[in-house]
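Chains A and B, in that order, are what the protein sequence lines are.
Just so we're aligned: the first sequence equals residues 70 to 605 in the working numbering.
Just so we're aligned: the second sequence equals residues 9 to 335 in the working numbering.
For every residue, glycine included, the Cβ atom is placed at its ideal position computed from N, Cα and C.
None of the values given here were measured: they were computed from a predicted structure.
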Amino acid sequence: MQATGTLPPAHRRRLAALTGTAALALAMTAVSANAETIRWARVGDALTLDPHAQNEGPTHTLNHHIYETLVGREIDGGLSPRLATDWGILEDDDTIWEFTLREDVVFHDGTALTADDVVFSIQRAQAETSDMRGLHGSVEDVIAVDDHTVHVQMEGPSPLYVQNLTNTFIMSREWAEEHGVEEPQDFAGGEESHAVRNANGTGPYTVVERDPESRTELEWFEDHWADQPDITRIIYTPISSDSTRVAALLSGEVDFVQDLPIQDIERLEEDGDVTVVRGPENRSIFFSYDQGSEELRSANVEGNPFASPEVREAMALALDRDAIREVVMRGESQPSGTVAPPFVHGWTEEMHEYPEPDIERARELMAEAGYPDGFSVDLHTPNDRYLNDESISQAFVGMLGQIGIEANLVSQTRSLHFPLIQNRETDFYLLGWGVPTFDSQYIFDFLVHSTEDARGGWNASNYNNDEVDALIQEMATETDEEVRDALMAEVWEQVQSDRVFLPVHNQLLAYGMREGVDMEVPPNNQPLMFEVSLGD
Amino acid sequence: MLAFIIRRLLQSVIVMLVVALVSFALFRFVGDPVSTMLGQEATVADREALRQRLGLNDPFVMQFFNYIARALSGDFGISYRLQQPVMELILSRLPATLELALVSGFFAFLFGVAFGVYTALNRRGWLSSGIMTVSLIGVSLPTFLIGVLLIWVFAVELQWLPSYGRGDTVWIGGWRSGLATSSGRYAIVLPAITLGLYQMTLIMRLVRAEMLEVLRTDYIKFARARGLSDRVVHFGHALKNTLVPVITITGLQLGSIIAFAIVTETVFQWPGVGALFIRSVQYVDVPVMAAYLMLIALVFVVINLIVDLLYYVVDPRLRVDRGAAKG
């Protein structure tokens with residue numbers, strides 16, 4: 070364990086969370102100096118190397134190897150230092166966040182990282198063509214205090230702002246100005262931005278070759294501030310066909326595969342050369358319904374049955390989550406009674422519990438609500454976004470049939486499904502929600518708060534409760550943690566008892582890897598190759 | 009002759025415009041590109057602003073004419089998904105698709121003719137029956153299943169050939185070729201077989217039927233009566249006379265091989281235009297979809313034009329008839 074003393078703080082922090090064996094493995098990696106290549110495949114490629122042009126998982130995942138953020142995300146959801154070694158809200162002014170930068174950081178072109186680059190990058194992320202601007206909406210100004218200190222002036226107290234920074238990458242101002250990429254790609258313009266296929270980050274790997282949708286090769290950046298990782302070369306290949314991706318792993322053409330199809334997990338585990346590692350994803354799958362409108366669009370009855378608490382309770386009692394887990398998900402899910410996955414701040418054991426299905430009671434409730442013969446309504450579901458999304462909805466259609474609700478399943482591709490929710494054109498729908506900030510506020514802001522300005526963008530349940538709205542707004546600026554937690558618990562109680570959502574389960578992630586690759590599954594589905602250890 | 013070519017070219021332009029119009033009308037049913045382009049934190053205002061910038065709020069007819077006007081000046085826009093100019097993107101993927109189409113077309117022609125001749129000459133042999141039966145499977149199985157089966161046998165079980173990708177590539181002039189490297193040649197085998205299997209069966213059955221027909225004709229009987237060897241009769245006289253329709257079919261099929269490589273390219277992660285198109289549909293990448301469909305229309309228009317011109321050159325009667333009709 071001597072070697073741990075030389076590890077960078079990021080690793081030191083991680084160690085605390087790891088078991089003894091894993092820690093030993095990590096310590097051994099500090100001494101091994103072999104050049105090792107990992108061949109990595111997943112379903113889709115990063116869309117661009119421009120770090121602020123797309124707010125999308127696979128794009129961020131690849132960019133985390135080339136660029137760096139101020140803070141990183143730990144396996145357990147906590148924050149870890151990356152380019153910032155220290156951060157906090159100023160004691161005398163709770164609207165200012167202070168970040169202290171690491172000293173010995175250089176970009177791939179050799180120039181040193183300064184506070185000015187951080188100022189530039191956050192401003193770039195706020196540009197009109199940036200897809201990251203939603204995360205920096207409450208930033209008023211960014212100031213470089215000295216070479217290694219940055220102050221971010223917020224519009225008001227923003228205790229959660231640092232949680233928004235785990236995917237905001239830092240670029241070099243000089244490089245960006247030299248290549249005319251001070252702003253992210255404008256899709257309406259005719260030119261390709263230099264930053265789409267070229268990069269100059271501070272990350273642990275440099276780009277050797279980038280052939281979009283075919284092959285990306287990265288190599289260890291020797292002047293990186295951290296110790297050399299086990300993996301010094303990455304060959305990243307998207308393979309969109311499920312069976313081909315699995316075949317490539319079995320035939321030894323790739324070492325690590327993300328996005329394993331559920332039906333192949335069992336047979337992969339039988340293969341001696343392949344290990345399957347599972348972990349909970351930070352993503353909840355749930356149904357929701359329009360409970361706020363006067364009339365439904367697709368129902369065969371007057372008024373809005375979803376406005377009735379009895380109907381909502383009946384639907385919750387009709388949903389057999391365990392059956393969906395066993396039959397549809399082949400055991401690969403974590404049934405839940407809430408839309409917050411367990412890592413999310415504000416989650417409680419009590420919310421997580423879900424009722425046993427009770428068809429008798431559900432039928433009684435339907436009769437009490439005035440729908441003894443049920444009603445019919447359209448159920449919208451995506452069929453290519455979440456694990457077995459269409460099958461989950463199909464199963465629920467059958468369960469609803471038992472209590473007289475005739476749901477007509479409308480199953481569509483994601484680009485047709487999500488606009489229905491965004492434009493409020495659906496009565497009843499399936500949605501999956503990840504929480505990148507790992508805090509309940511994110512769920513409340515987008516799904517619970519009524520639709521106004523930046524909030525409530527995905528609140529297609531049209532839930533509109535002024536008291537809850539006020540609590541959510543108060544929570545956003547409350548810097549006292551205890552007070553904030555109390556507000557949060559209050560909102561959750563209201564949301565759960567009003568049954569804004571009908572949660573099904575939390576999605577599980579499964580990674581397949583060659584024997585000898587040792588990796589945990591991060592809940593944000595962003596595996597980092599420099600944290601992987603290779604056994605011999 | 010010149011008038012004919014000009015007339016055909018004008019018709020081709022109209023065909024292209026109709027294809028563009030129909031595809032533009034269909035794009036509205038594929039979904040909203042803005043919902044896939046922006047992350048989940050985007051506000052209603054952000055989405056509206058992007059829609060405005062992209063001109064998606066304009067009436068459909070105006071979007072169409074704007075597109076055509078820009079396309080005429082060579083600007084096909086930027087891919088919503090990959091953020092590269094569309095023409096550059098398609099041209100960079102085209103060599104992969106063309107190499108795959110040519111190799112699989114060659115494979116289909118070679119084996120189709122060989123098997124066709126063999127089964128025609130040995131009609132009752134057990135090998136012939138075997139080939140005919142297997143060829144039925146080739147026509148009836150969907151392409152992706154054949155691809156997956158081949159991957160399973162040759163990549164996973166035997167580990168002779170790679171399961172995905174194009175292998176190493178080298179630049180030859182402006183052409184990025186995988187055929188010039190050994191790993192590239194290994195990589196093309198399975199996709200080429202998958203893509204060419206259907207065409208091979210088609211050619212085989214065509215050759216077999218034509219051969220059987222020709223072998224019954226009088227001039228073959230006379231050739232045999234003259235005491236010519238089997239080899240000369242079969243290959244010098246019979247096969248030669250069956251090849252005219254076969255070559256026509258193969259030429260025309262090349263167009264569909266290029267157009268329908270979509271499934272094969274997806275199964276084998278072949279970095280060609282077909283795979284690009286299918287991912288563009290999922291992402292509602294309108295500029296790429298529009299340009300791809302125009303390109304495929306162009307391929308068919310050009311092939312048909314060449315075929316028409318060849319007929320005109322080969323068959324003198326066409327010219328005489330036209331001349332007479334005008335007179």
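Contact residues within the segment 474-489 of chain A, judged by C-beta distance below 9 Å to chain B:
Within the segment 474-489 of chain A, Gln481, Thr482, Arg483, Ser484, Leu485, His486, Phe487, Pro488 place their CB atoms closer than 9 Å to a CB of chain B, listed in sequence order.
What residues of chain A sit near glutamate 49 (chain B), judged by a beta carbon separation below 7 Å?
Within chain A, Asn124, Gly203, Leu204 have C-beta atoms less than 7 Å from the C-beta of glutamate 49 (chain B), given in sequence order.
For alanine 305 (chain B), count neighbouring C-beta atoms within 10 Å of its own C-beta (all shown protein chains included) and say buried if the count is 16 or more, exposed if not.
Classification for alanine 305 (chain B): buried.
If you compare alpha carbons, which of A:Asp522, A:Arg454, A:Glu197 is closest to glutamine 290 (chain B)?
Relative to glutamine 290 (chain B), the option among A:Asp522, A:Arg454, A:Glu197 whose CA is nearest is A:Arg454.
Please list the residues of the segment 246-267 of chain A that have a C-beta atom closer than 8 Å to any C-beta atom in chain B, keeping them in chain order.
Against chain B - using a Cβ distance shorter than 8 Å - the residues of the segment 246-267 of chain A are Gln254, Asp255, Phe256, Ala257, Gly258, Gly259, Glu260, Glu261, Ser262, Val265, Arg266.
If you run the structure through DSSP and keep just helix, strand and coil, what is phenylalanine 238 (chain A)?
Here phenylalanine 238 (chain A) sits in strand by DSSP.
Hey, aspartate 458 (chain A) and leucine 485 (chain A) are a contact pair by Cβ (cut 8 Å); roughly how many whole angstroms apart?
Not confirmed; about 13 Å, so no contact.
Aspartate 554 (chain A), DSSP secondary structure in three states
In this structure, aspartate 554 (chain A) counts as helix in the three-state DSSP scheme.
Using only the alpha-carbon positions, how far apart do alanine 464 (chain A) and asparagine 594 (chain A) sit?
If I take the Cα positions, the gap works out to 27 Å.
Within the 8 Å Cβ cut-off, does serine 309 (chain A) reach chain B?
Residue contact check for serine 309 (chain A) against chain B: a CB pair falls below 8 Å.
So, is the C-beta of valine 52 (chain B) closer than 8 Å to a C-beta in chain A?
Chain A contact via Cβ: present.
Starting from asparagine 622 (chain A), follow its DSSP beta bridges and name the residues at the other end.
This structure gives no information on residue 622 (chain A), because the portion of chain A shown stretches from 70 to 605.
Taking asparagine 130 (chain B) as the reference, which of B:Lys229, B:Leu236, B:Glu107, B:His242 has the closest Cα?
When B:Lys229, B:Leu236, B:Glu107, B:His242 are compared, the shortest CA-CA separation from asparagine 130 (chain B) is found for B:His242.
I want to check one thing, is the minimum distance from the CB of glycine 141 (chain A) to the heavy atoms of the ligand PLP below 7 Å?
Only the bare structure without any ligand can be found here, which leaves the ligand PLP out of the picture.
For glutamine 222 (chain A), which of helix, strand or coil comes out of DSSP?
DSSP places glutamine 222 (chain A) in strand when its eight states are reduced to three.
For glutamine 481 (chain A): DSSP bridge partner residues:
Glutamine 481 (chain A) pairs with A:Pro451.
Pair within 8 Å by beta-carbon distance, proline 592 (chain A) and glycine 348 (chain A)
Yes; because the gap between Cβ atoms is below 8 Å, this pair is in contact.
Contact the segment 115-125 of chain B vs the segment 177-186 of chain B: 3+ CB pairs below 8 Å
Cβ pair count under 8 Å is below three, so no.
Quick one: list the residues of chain B neighbouring leucine 237 (chain A), beta-carbon separation under 8 Å, in chain order.
The amino acid occupying residue 237 (chain A) in the given sequence is threonine; leucine does not appear at that position. Around threonine 237 (chain A), no beta-carbon contact reaches into chain B at under 8 Å, the shortest distance being about 12 Å.
Take every Cβ of the segment 154-172 of chain B, pair it with every Cβ of the segment 316-330 of chain A, and state whether three or more of those distances are shorter than 8 Å.
Contact holds: three or more Cβ-Cβ distances are below 8 Å.
Those residues which DSSP pairs with tyrosine 498 (chain A) across a bridge:
In DSSP, tyrosine 498 (chain A) forms a bridge with A:Ser357, A:His449.
Below 8 Å between beta carbons: does that hold for leucine 118 (chain A) and alanine 245 (chain A)?
Result no, Cβ atoms of leucine 118 (chain A) and alanine 245 (chain A) do not sit closer than 8 Å.
Residues, ordered as in the chain, of the segment 156-187 of chain B that lie near chain A by beta-carbon distance below 8 Å
Look at the segment 156-187 of chain B: the residues with a C-beta under 8 Å from a C-beta of chain A are Val156, Ile159, Trp160, Ala163, Val164, Gln167, Pro170, Ser171, Tyr172, Gly173, Arg174.
Boundaries (first-last residue) of the alpha helix (DSSP H) holding leucine 129 (chain B):
Element bounds for leucine 129 (chain B): 94-129.
Verify the CB distance criterion: does leucine 64 (chain B) have a CB-CB separation below 8 Å to chain A?
No - not a single Cβ of chain A is within 8 Å of the one on leucine 64 (chain B).
Within 8 Å (strictly less), CB to CB, does serine 241 (chain A) reach chain B?
Not closer than 8 Å to any Cβ of chain B, the Cβ of serine 241 (chain A) fails to qualify, so no.
Return the first residue and the last residue of the alpha helix (DSSP H) that proline 687 (chain A) is part of.
With chain A represented from 70 up to 605, any question about residue 687 (chain A) goes unanswered, as that position is not in the structure.
Using a Cβ-Cβ distance under 8 Å, would arginine 36 (chain B) count as near chain A?
False, the Cβ-Cβ gap to chain A never drops below 8 Å.
Run down chain A in chain order and give the residues with a C-beta less than 8 Å from the C-beta of glutamine 91 (chain B).
Those within 8 Å of glutamine 91 (chain B) in chain A are Leu116, Thr117, Asp119, Ala122, Gln254, Phe256, Glu261, Ser262, Val265.
Compare the C-beta of serine 312 (chain A) with all C-beta atoms of chain B and state if any pair is closer than 8 Å.
So yes, serine 312 (chain A) belongs to the interface.
Could you pull out every residue in the same chain whose Cβ sits closer than 6 Å to the Cβ of threonine 183 (chain A), ignoring the five residues on either side in sequence?
These residues qualify, in order along the chain: Asp216.
Between tryptophan 156 (chain A) and the rest of its own chain, which residues show a CB-CB distance below 6 Å, the 5 nearest in sequence each way excluded?
Phe168, Val231, listed in sequence order.
Assuming valine 345 (chain A) contacts alanine 153 (chain A) under a Cβ cut-off of 8 Å, what Cβ separation, rounded to an integer in Å, is found between them?
That belief does not hold up - the Cβ atoms of valine 345 (chain A) and alanine 153 (chain A) are roughly 35 Å apart, past 8 Å.
If valine 4 (chain B) and glycine 526 (chain A) are in contact, beta carbons under 8 Å, what's the gap, nearest whole angstrom?
Any property of residue 4 (chain B) remains undetermined from this structure, which presents chain B solely from 9 to 335.
Just how far apart, CA to CA, sit valine 446 (chain A) and asparagine 533 (chain A)?
When rounded, the distance between both Cα atoms is 22 Å.
Could you check what DSSP says for glutamate 49 (chain B) in three-state terms: helix, strand or coil?
Note: glutamate 49 (chain B) maps to coil in three-state DSSP.
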